Structures are given as structure tokens and as C-alpha cells.
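K.L.:
Going letter by letter, the sequence shown gives residues 1 to 128 in full-length UniProt numbering.
Idealized CB from N, CA, C, for every residue including glycine.
Since this is a predicted model, take the numbers as computed values, not measurements.
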Amino acid sequence: MRYLSEWKHYALTAIVAFSVYPTSQAIADDAYARESEAACNHIRQCASTQLENIPPEYRDMMRQSLDAMCQSLPSGNAISGFGPEHKLYAPATACMRSISRLSCSEIMDDGASTPECEKLKNMSPDSD
Numbered sequence: 001m002r003y004l005s006e007w008k009h010y011a012l013t014a015i016v017a018f019s020v021y022p023t024s025q026a027i028a029d030d031a032y033a034r035e036s037e038a039a040c041n042h043i044r045q046c047a048s049t050q051l052e053n054i055p056p057e058y059r060d061m062m063r064q065s066l067d068a069m070c071q072s073l074p075s076g077n078a079i080s081g082f083g084p085e086h087k088l089y090a091p092a093t094a095c096m097r098s099i100s101r102l103s104c105s106e107i108m109d110d111g112a113s114t115p116e117c118e119k120l121k122n123m124s125p126d127s128d
């Protein structure tokens, strides 16, 4: 499950996370919004397969957490100038796309990452 926090870290440190449930058509047509929604849905699907391994009394709580996972990211609307011309836009989009391509076993691996997400992490102002 650490990979879920790593994925959030990449998006948050780059300060480029969009709400994955956009309300305007302009945002809905955005490549980053589409890729981040696809990545989040893929991660949720992979995590959902693990629910059968936890006690029944915790499953509902975990399902609620998974359902709210993407919505907990900050809205990109607060990021002035973030769009296709922003220097982090293409790397952020590539990172989200690469997450969607990982297998569920790779996502659940604590050390999992992708070259695209590492590049984004290294470009962010808060990178280590």
C-alpha cells in the first residue's frame, strides 16, 4: 500500500494534481485529468483485489477509503497557469500514464516506481 502514498507524493510534490472528477468540459478534455483518473481507477481496482484478504469488519472502511482516494487530491484549479504549456504538465501526464500501465503486483510492491514518475519527482521543487 506504500505505493499509493508514493503516487500521491509524485502528484503533490509537483503541485500538479487535478481533481479527477472535473466539472467543466475544458478540464474534462484535459490529457492530465484523463490520465490521472485512469491511474487512480487502476490503483483502486488493484487495491480492491486485496480486500478479500482483510477481516470483513474492515472491508467497508477500506472501500470508503478507496472510493475517496482520488477526491482527496488537491484541485489543479488552484494552480495558476497549469496546463499544456506548464513545464511539469507533460512529465506529470507521463507519470500518470505509466502508473496505469503497471501490473497490480507492481503497484502493490512497496518499492514500485516508474522512470516517468522518478523524472517528475526529480523535477519538482521539493525533490530530495
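For T23, does the count of other Cβ atoms within 10 angstroms reach 16, so buried, or fall short, so exposed?
P.N.:
Only weak support exists for where T23 lies, its pLDDT of 35 falling under 50; the value from the coordinates is given anyway. Looking at its Cβ environment, which holds fewer than 16 other Cβ atoms inside 10 Å, T23 is exposed.
K.L.:
For the alpha helix (DSSP H) containing M108, list its first residue and its last residue.
P.N.:
C104 to M108
K.L.:
Is the beta carbon of D69 less than 8 angstroms from the beta carbon of C40?
P.N.:
Residue 69 is actually Met in this sequence, not Asp. Judged by their CB atoms, M69 and C40 are nearer to each other than the 8 angstroms cut-off.
K.L.:
According to DSSP, is K119 helix, strand or coil?
P.N.:
Three-state result, K119: helix.
K.L.:
Use the C-beta contact count for D109: other C-beta atoms within 10 angstroms, 16 or more gives buried, fewer gives exposed.
P.N.:
Residue environment: D109 is assigned as exposed (fewer than 16 neighbouring CB atoms within 10 Å of its CB, all protein chains considered).
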